[in-house]
Amino acid sequence: MHALLNVAVMAARSAGNILIRKMVNLDKLKVEQKGQNDFVSDADLAAERAVIKTIQRHYPDHAILAEESGAQGESDTVWIIDPLDGTTNYLHGFPVFCVSIAVQHKGRVEHAVVYDPLRQELFTATRGTGAHLDSRRIRVSGLKILGRALIGTGFPFREGGAELSPYMDMLIKVIRHSSGVRRPGAAALDLCYVAAGRLDAFWETGLAPWDLAAGGLIIREAGGLLSGLDGSENFLDTGHVLCGTPRIYRALAKLCAKEIKAIVRQ
Ligand code: IPD
Ligand code: CA
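In the numbering used here, the protein residues as written are 2 to 267.
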């Protein structure tokens, strides 16, 4: 395992252990609201501190972009961190959340870790060497027929009223043409489930770079296609993403071309 990936794994495991410990006393957690339907708790903050401490012990000169504390340092190498992806789930004791860490070098993600501390599942990838779940190599599913596909998504929960409508049009179409749609609630894990063949495709809008950076590499290394909703490469900036097995990705892009145009135009 590459030295950088090894440190990312150590950091993710230490954050995961904190999340599990703090979950025992959920009602004692201090929670603040950052925005509409957007929360941060002591657990997010403690997990993020643990990740940053581990990274800085090994690579004090690297830069960091973390969900709760923002950007620090200047370097060609940037660690992109979500210490708790799925905060809303976590705060309700809904058992779907993870830690997500990506290592970006000169603008390209080179290493990725997504850790689910409840199931103790560790998804990893290093660019050019494939994706793994624990020590097992993973690949996207071989499914070719949209009508048999299980599709993941995330609802645009921060937006209200009119902005919801093009998303809902797309959702209705996908429900009608697939075998089912799931909204688990932790985007980084959703991406890994596509990589592992548990979902055949996934789309969401309004995501942040820390939700997407690690899972994005893991999908591509697992043989999946991933882009902005409109096929663009700048999904880390726009936060709109579509990914899946090559066939299902293309089928969804074609089926929902009109709705996607309306979403992207907003
Ligand atoms: C959220 C989760 C959720 C997605 C949101 C994200 P957070 O991340 O990934 O599934 O729908 O858009 O913000 O806030 O829990 O780290
Ligand atoms: Ca988070």
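No residue lacks a Cβ here, since even glycine has one placed at the ideal position from N, Cα and C.
- Among the residues of its own chain, which have a CB less than 6 Å from the CB of E111, if the five just before and after it don't count? V104, R128
- Can you find a heavy atom of ligand 2 that lies under 7 Å from the Cβ of L85? yes
- Uninterrupted alpha helix (DSSP H) stretches inside the region 87-116 (no shorter than 4 residues): 88-93
- Task: Output the boundary residues of the beta strand (DSSP E) element that contains V141.
- Result: From DSSP, V141 is part of no beta strand (DSSP E); its letter is neither H nor E.
- Cα-Cα separation, V182 to L151: 6 Å
- Return yes when at least one heavy atom of ligand 1 lies under 7 Å from the C-beta of T89, else no. yes
- Message: Assuming H241 is part of the alpha helix (DSSP H), what are its boundary residues?
- Response: That residue, H241, is in no alpha helix (DSSP H); it is neither H nor E in DSSP.
- Query: What are the uninterrupted segments assigned as alpha helix (DSSP H) that are 4 or more residues long and contained completely in the region 20-96, given in chain order?
  - Reply: 43-59, 88-93
- Pull up the DSSP beta-bridge partners for V182, would you. I152
- With a 10 Å radius around its C-beta and 16 neighbouring C-beta atoms as the bar for buried, classify E234 as buried or exposed. exposed
- Using DSSP with H/G/I as helix, E/B as strand and the rest coil, what is F158? coil
- Message: Any contact between the region 75-92 and the region 166-178? By contact I mean 3 or more CB pairs, one from each, below 8 Å.
- Response: no
- Query: In this structure, does DSSP put L123 in helix, strand or coil?
  - Reply: strand
- Task: For R221, I'd like the list of residues in its chain whose CB is within less than 7 Å of its CB, leaving aside the five on either flank, ordered along the chain.
- Result: L227
- Cα-Cα separation between L66 and T239, rounded to whole angstroms: 17 Å
- Message: Any contact between the region 115-128 and the region 60-74? By contact I mean 3 or more CB pairs, one from each, below 8 Å.
- Response: no
- Taking H63 as the reference, give the member of Y194, V8, N18 with the closest Cα. V8
- Counting pairs of beta carbons, one from the region 134-141 and one from the region 191-200, are three or more of them closer than 8 Å? yes
- Give the straight-line distance between the Cα atoms of A202 and R251, rounded to the nearest whole angstrom. 10 Å
- Query: Which residue or residues does DSSP assign as beta-bridge partners of F203?
  - Reply: G153, C244
- Query: Considering only residues of the same chain and omitting the five flanking positions on each side of P167, which have a CB-CB separation below 6 Å?
  - Reply: E260, A263, I264
- Which whole-angstrom value describes the C-beta separation of A189 and V115, a residue pair presumed to lie in contact below a C-beta threshold of 8 Å? 5 Å
- So who's on the other strand from H133, going by DSSP bridges? T125, R138
- Query: I think V272 touches P210, with their Cβ atoms under 8 Å apart; what is that distance to the nearest whole Å?
  - Reply: Because the chain spans 2 through 267 in this model, residue 272 falls outside it and cannot be assessed.
- Per DSSP, L190 is paired with what? According to DSSP, L190 bridges with nothing at all.
- Task: Have a look at G94 and V141 and give me their C-alpha separation to the nearest angstrom.
- Result: 29 Å
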